[in-house]
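Notes for the one structure printed next.
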Amino acid sequence: MKAADVLLLVLDLAGTLVFALNGALTAIRSVRVDIVGVITLGMITALGGGIVRDVIIDRLPPATFSDWRYLAVAGVGALVAFALGRRLDRIALSINVFDAMGLSLFAVTGATKALQTGLGPVQAVILGAITAVGGGTLRDVLIGQVPSVLRSGLYAIPALVGAGITVVAVRLGVDGLAAALVAALACFTIRMVGLRYGIDAPTPRDAPPS
Amino acid sequence: MKAADVLLLVLDLAGTLVFALNGALTAIRSVRVDIVGVITLGMITALGGGIVRDVIIDRLPPATFSDWRYLAVAGVGALVAFALGRRLDRIALSINVFDAMGLSLFAVTGATKALQTGLGPVQAVILGAITAVGGGTLRDVLIGQVPSVLRSGLYAIPALVGAGITVVAVRLGVDGLAAALVAALACFTIRMVGLRYGIDAPTPRDAPPS
Amino acid sequence: MKAADVLLLVLDLAGTLVFALNGALTAIRSVRVDIVGVITLGMITALGGGIVRDVIIDRLPPATFSDWRYLAVAGVGALVAFALGRRLDRIALSINVFDAMGLSLFAVTGATKALQTGLGPVQAVILGAITAVGGGTLRDVLIGQVPSVLRSGLYAIPALVGAGITVVAVRLGVDGLAAALVAALACFTIRMVGLRYGIDAPTPRDAPPS
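In structure tokens form, the structure reads like this:
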């Protein structure tokens, strides 16, 4: 493998690990589930977005499912969350940082894979965002909550921005790795600024009270 | 394109538009979601049934996702619902009419596509109904409600009738467009009569109170 | 067909029937749904796990959807549950027994099909369990409940054991039918012992009260 590929793989696995930790911890905090539930929900958070993407672009079986490294990293992350439970809250800030990293990386790699299979630019942007937010959405549905990505905060929007920059760069023929890093950084920055200042996307004027 | 194909495309896009409006409006009324949620839920209502159908019949990537016209129409419908909010209620009657049109069209086109890929008649009828009710079902799951199609009213039944007439007509070799219109009209009529007179499908005798 | 194939088909259809009965009855008990809801939820419980498996391993259209025998058996099971309602409770013990049979059979056949399509052993074990528990999980999501498989009891664990024995046996080249029966029996036994003695899987220490 080239150095750039190794770097991307390592970052991708880091995103997977943090999504699994975060997903399992969210499940533990929200509902009464057993070890099967914690591990399932952690793994679905980490791998679900990539699986939905691969179903849509017809790359089956899904990469995040057939590649044992993703399964192993996701499983370990979920197990650690089960073992440590809310003591992970102490590193919640770091978890938010890593979660934003995962969001950024998945948006970029998801959009790239969509372009590679010949989808149009708008479709690739949407699929990048689906890759990034899909796992958490599936988890929220399974624990009986309206997915947080639909309700508040800036989560899908930075993913769309990151995927959008990726698509523009590929179309302009800009070098892959540099463009990927810029796109991921833009997504990461918007996400962290949104978290820091509690920025929400606009809501419809007649929305029911929260 | 032939005139009949243009007509079918226009009707299909009209159904998509109204499903997006209706889906976004249902989301606004039911839960507190932001602009990301409104647009996502509107688009899923409009495109979700076709995506589920295309996954099942292995026509990936799904037509309603790769064809930009469906994406654009669904996105515009959801955006309009976000901008106007409950002021759309004034045209709620029209929305019910258009929703019934969308239901009818999707049942017919879904069954037709299923037959084209070689599925048997019963499977094609079921897939027609899934195309018609799938998007709204996904939306209801995402906003934490038991899908209304499972609970009351006549919604899946007219879709099954429309898809059934389509399948019988194709098997008998009856001319495509005329048969499609009869099938859609039958679905539309049953749906509107059901709405007008508040007809429900039978419920099991020991059902919990609503 | 060989005698062994006939036996497996009969057992598979028996599992489908009982999953449909059980799924429809769970729906009737839990929420107010009409006949469309009862039949849909029964059929999804019976066929959903196999459909998710076939999407993942790219065997589309899914076998449980294209083979009319599965559709017919699932539909009949759901209809019987609709007609009899809670009077089926009298045979609830038998239903638990048959449900455990279905769980065992689906875990074994799911893992076998996954291996046949070239997936690795860990993936095959996971897919076996998904085949076994997927339908009930989809049903629980549709009726607005956190899937019971994530919460308590021994349900996914026996399925994982059954799928695991299957995979080991295939890898060791042990004769198919005998190994399948041992694997199914192990799953069945663990499930029934768990039910009999009310055994739960461990829960995280900081879990919210149930």
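Chains as they are written, first to last, in my numbering: chain Z, 36 to 245; chain H, 36 to 245; chain A, 36 to 245.
Ideal Cβ positions, reconstructed from N, Cα and C, are used throughout, including at glycine.
Could you give the distance in angstroms between the alpha-carbon of residue i and the alpha-carbon of residue j?
i, j, result
"H/L140", "H/D47", "6 Å"
"A/R206", "Z/R94", "26 Å"
"Z/A118", "A/P237", "11 Å"
"Z/T147", "H/M227", "45 Å"
"A/P193", "A/F223", "7 Å"
"A/V31", "H/V132", "Lying outside 36 to 245, the shown extent of chain A, residue 31 of chain A is not represented and no answer is given."
"H/T51", "H/V45", "10 Å"
"H/I92", "Z/S129", "43 Å"
"Z/A49", "Z/T144", "13 Å"
"A/D134", "Z/L114", "29 Å"
"Z/P96", "Z/Y105", "13 Å"
"H/S187", "H/G171", "14 Å"
"Z/L123", "Z/T61", "11 Å"
"A/V41", "A/L212", "12 Å"
"Z/V68", "Z/Q151", "39 Å"
"A/I86", "A/T99", "7 Å"
"H/Q180", "A/Q180", "10 Å"
"Z/R121", "Z/S101", "31 Å"
"A/G208", "A/A149", "16 Å"
"H/L189", "A/I234", "43 Å"
"Z/A221", "Z/V53", "19 Å"
"A/N57", "A/I70", "15 Å"
"A/V217", "A/R88", "22 Å"
"Z/A204", "Z/I225", "19 Å"
"A/R125", "A/A116", "12 Å"
"Z/L138", "H/R231", "47 Å"
"Z/D210", "Z/I178", "41 Å"
Put residue i into one of helix, strand or coil per three-state DSSP.
i, result
"Z/A236", "coil"
"H/L94", "One detail in the question is off: residue 94 of chain H reads as Arg in this sequence, not Leu. It is coil, neither helix nor strand."
"H/I79", "helix"
"Z/I74", "helix"
"Z/V179", "A small fix is needed here, since residue 179 of chain Z is Gly in this sequence, not Val. It is coil, neither helix nor strand."
"H/L195", "helix"
"H/G84", "helix"
"Z/R226", "helix"
"Z/D69", "coil"
"H/R186", "coil"
"Z/V209", "coil"
"A/D40", "helix"
"A/D89", "helix"
"A/D47", "helix"
Would residue i pass as a contact of residue j if the rule is Cβ separation under 8 Å?
i, j, result
"Z/M136", "Z/A109", "no"
"H/L162", "H/L154", "yes"
"Z/A167", "Z/A142", "yes"
"Z/A59", "Z/G112", "yes"
"A/P239", "Z/I63", "yes"
"A/T201", "A/A191", "no"
"H/G169", "H/G84", "yes"
"A/A219", "A/G199", "no"
"A/L76", "H/L185", "yes"
"A/A81", "A/A55", "yes"
"Z/V176", "H/V66", "no"
"H/W103", "Z/V157", "yes"
Quick one: does residue i have its CB under 8 Å from some CB of chain C?
i, result
"A/R240", "Absence of chain C from the displayed structure is noted, the protein chains being Z, H and A."
Query - Cβ-based contacts, 9 Å cut-off: residues of the region 55–77 of chain A near chain H - result: A59, A62, I63, R64, S65, V66, R67, V68, D69, I70, V71, G72, V73, T75 and L76
Requested in this report: Identify every run of the alpha helix (DSSP H) within the region 106–162 of chain Z, keeping only runs that are complete inside it and at least 4 residues long; order them along the chain.
Outcome: 127–151
Requested in this report: Could you name the residues of the region 167–186 of chain H whose beta carbon sits closer than 7 Å to any beta carbon of chain Z, in the order they occur along the chain?
Outcome: V176, L177, I178 and G179
Query raised in the report: Which residues, taken in chain order from the region 144–166 of chain Z, show a beta carbon closer than 7 Å to some beta carbon of chain H?
Result: Result list: L154, G155, V157 and Q158.
**Report entry** Residues from the region 91–122 of chain A in contact with chain H, defined by Cβ distance under 7 Å
**Finding:** L95, P96, P97, F100, S101, W103, L106, F117, G120 and R121
Query - Proximal residues, the region 208–238 of chain Z versus chain H, C-beta separation under 9 Å - result: D235, A236, P237 and T238
Query - Residues in the region 186–199 of chain Z having any Cβ partner in chain H nearer than 7 Å - result: R186, S187, A191 and I192
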